Amino acid sequence: MTLSIAKAIMEACKVDSHMKQEDDKQHCEKLSALTVRYMQDIGRKYPNCGFGGMFDSWIWSEAPKPYNSYGNGAAMRVSPAGFAARSEQESEMLAKTVTEVTHNHKEGIKGAVATTVAIYMARCGALKYEIKERIHQDYYPLDFTVDQIRPHYRFDETCQKTVPQAIKCFLESNSFEDAVRTAVSLGGDSDTIAAITGAIAEAYYGVPSGIKKQALTYLDEDLRAIYDEWIALYPPDTGEFRVLTKYTDKIDAIASLEESLVPDNPDRRDEWGNKVDKSLYKYDRIVGLFVDEFYGFFFSHPEYELTRYSEILENNNFPMSLGDSQTLDEVLSNFDAQCVLARITLAIRAVCGSDLSVHWFVEDGSLTGCLKRLRDIDGSEKTRR
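At position 211 of the sequence shown the residue is numbered 210 (numbering that gives the first Met the number 0), and the sequence of numbers has no breaks.
Here it is as structure tokens:
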């Protein structure tokens, strides 16, 4: 059904490739009709896929109508809307349109829209805390951990008891594979939870080539043709380092924070009696989030052998400081990804139990320089492909 939604979106775009904003209603009507068409056409070819009773009846109906469902299938199949959208508003519109042909209950629509917004935000470089705050504020409370609910969580096929749990599995992950494993570990309606979690995780991390290659072997010729058409129309961001480079602009913006601190509560003080600043909290938060993200990358990419970071830097004669006539960009341009990652590892691990070295690495521009080099490497790899 995910591929059915993808097919409907692609066909609607072919028809309305030059659709103006004021014609959204007309576009939605066409997309709705195409969604029904492809969900029925494709669904009837695979009658033994475990469809729910009401959806199975809808698949075979000569006059299919929405049936006020709030089942989690709405969120399970909606991911193409998040990957095709050109704006958050459009992602919400697409999600609502392709969902309400069956799941027109407000909870069904909310589950699909929340999933799509999370995918869109992840795709556009939002950090996990930004995604969490948006979902928590506008869709579902996320004031729990997976470990807290796992012992008592049971099968539930509603959006409201599945979508927030799936999103939380993503938020607590450190890689695509870890996200899917965490979703499966929760139990309950595992295939649905993992499908929702995996869609957001793909937008955030990308899918490792080995996992993608194996997964695609399960598609028959007809389904694979839809997938290939989709990838041609909406090429994925295959940047290996994007989970790190998405921090570039945010870290760049706080590198000169000492000169632009904005007072928060003048009476707010830390445990030593010093005044505390709201901007300093943001500084520490972004740096801390990056460090957590980097360690996730560190452990999920053993091929870079970053436990050998000192040896890697020494073997490559990586300078710890710039010469009189050197610029950071010029120095970094001579080093590969492994060496740049090793330099970041050194900064993070230089002072055990302290973040002072990381803060220095941020403030002097070295970290953003390393991240920009990784972004360039991703760009050159994409060009070669």
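In this text, a Cβ means the ideal position worked out from N, Cα and C, and glycines have one as well. Model, not experiment: these values are computed from the prediction.
Output needed for residue i: all residues of its chain with C-beta closer than 7 Å, excluding positions within five of it in sequence on either side, in chain order.
{"i": "Val-14", "result": "Lys-29"}
{"i": "Val-116", "result": "Glu-87, Ser-90, Glu-91 and Arg-133"}
{"i": "Ala-11", "result": "His-26, Lys-29, Leu-30 and Leu-33"}
{"i": "Tyr-204", "result": "Ser-174, Phe-175 and Val-242"}
{"i": "Val-286", "result": "Asp-354, Val-357, His-358 and Val-361"}
{"i": "Gly-124", "result": "Lys-245"}
{"i": "Phe-54", "result": "Gly-72 and Thr-101"}
Give the DSSP-derived three-state secondary structure of residue i in the structure shown.
{"i": "Thr-157", "result": "strand"}
{"i": "Gly-72", "result": "helix"}
{"i": "Asp-248", "result": "helix"}
{"i": "Ile-192", "result": "helix"}
{"i": "Gly-238", "result": "coil"}
{"i": "Phe-360", "result": "helix"}
{"i": "Pro-301", "result": "helix"}
{"i": "Cys-123", "result": "coil"}
{"i": "Thr-306", "result": "helix"}
{"i": "Met-0", "result": "coil"}
{"i": "Tyr-233", "result": "coil"}
{"i": "Glu-48", "result": "The sequence given here has Cys at residue 48, not Glu. Coil."}
{"i": "Ser-379", "result": "helix"}
{"i": "Glu-228", "result": "helix"}
{"i": "His-102", "result": "coil"}
{"i": "Glu-61", "result": "coil"}
{"i": "Tyr-66", "result": "coil"}
{"i": "Asp-142", "result": "coil"}
{"i": "Phe-334", "result": "coil"}
{"i": "Phe-293", "result": "helix"}
{"i": "Met-319", "result": "coil"}
{"i": "His-151", "result": "coil"}
{"i": "Gly-287", "result": "helix"}
{"i": "Gly-205", "result": "coil"}
{"i": "Asp-219", "result": "coil"}
Taking the alpha helix (DSSP H) that residue i falls in, what are its first and last residues?
{"i": "Gln-213", "result": "208–215"}
{"i": "Thr-98", "result": "87–98"}
{"i": "Pro-163", "result": "162–170"}
{"i": "Glu-28", "result": "23–42"}
{"i": "Ala-80", "result": "78–83"}
{"i": "Asp-146", "result": "145–148"}
{"i": "Phe-175", "result": "175–185"}
{"i": "Glu-329", "result": "327–331"}
{"i": "Ala-349", "result": "Neither: Ala-349 is in no alpha helix (DSSP H) and is coded neither H nor E."}
Cutting at 8 Å between CB atoms, please list the residues of its own chain near residue i, excluding the five before and the five after it.
{"i": "Leu-141", "result": "Lys-131, Ile-134, His-135, Pro-163, Ile-166, Lys-167 and Leu-170"}
{"i": "Leu-345", "result": "Tyr-308, Ser-309 and Leu-312"}
{"i": "Met-0", "result": "Met-38, Ile-41, Gly-42, Gly-72, Met-75 and Arg-76"}
{"i": "Gln-213", "result": "none"}
Near residue i, which residues of its chain fall below 6 Å by C-beta distance, leaving aside the five closest residues on each side in sequence?
{"i": "Ile-343", "result": "Cys-369"}
{"i": "Arg-372", "result": "Leu-331 and Val-339"}
{"i": "Ala-198", "result": "Ser-78 and Ile-118"}
{"i": "Leu-222", "result": "Leu-2"}
{"i": "Tyr-69", "result": "His-104, Glu-106, Gly-107, Thr-157 and Cys-158"}
{"i": "Phe-297", "result": "Leu-305"}
Got a sec: is the Cβ-Cβ distance from residue i to anything in chain C below 8 Å?
{"i": "Phe-360", "result": "Within the model displayed, chain C is absent; a lone protein chain is all it includes."}
- Query: Would the segment 124–134 and the segment 63–83 be scored as touching if the rule is three or more Cβ pairs under 8 Å?
  - Reply: no
- Message: Tell me whether the segment 335–347 and the segment 292–308 touch, counting them as touching only if at least three CB pairs, one residue from each stretch, are closer than 8 Å.
- Response: yes
- Query: When the Cβ atoms of the segment 78–97 are set against those of the segment 59–67, are three or more pairs found closer than 8 Å?
  - Reply: no
- Check whether the segment 217–233 touches the segment 97–107, counting contact only when three or more Cβ pairs, one atom from each stretch, lie closer than 8 Å. no
- Query: Okay, do the segment 179–193 and the segment 137–152 touch, 3+ Cβ pairs below 8 Å being the bar?
  - Reply: yes
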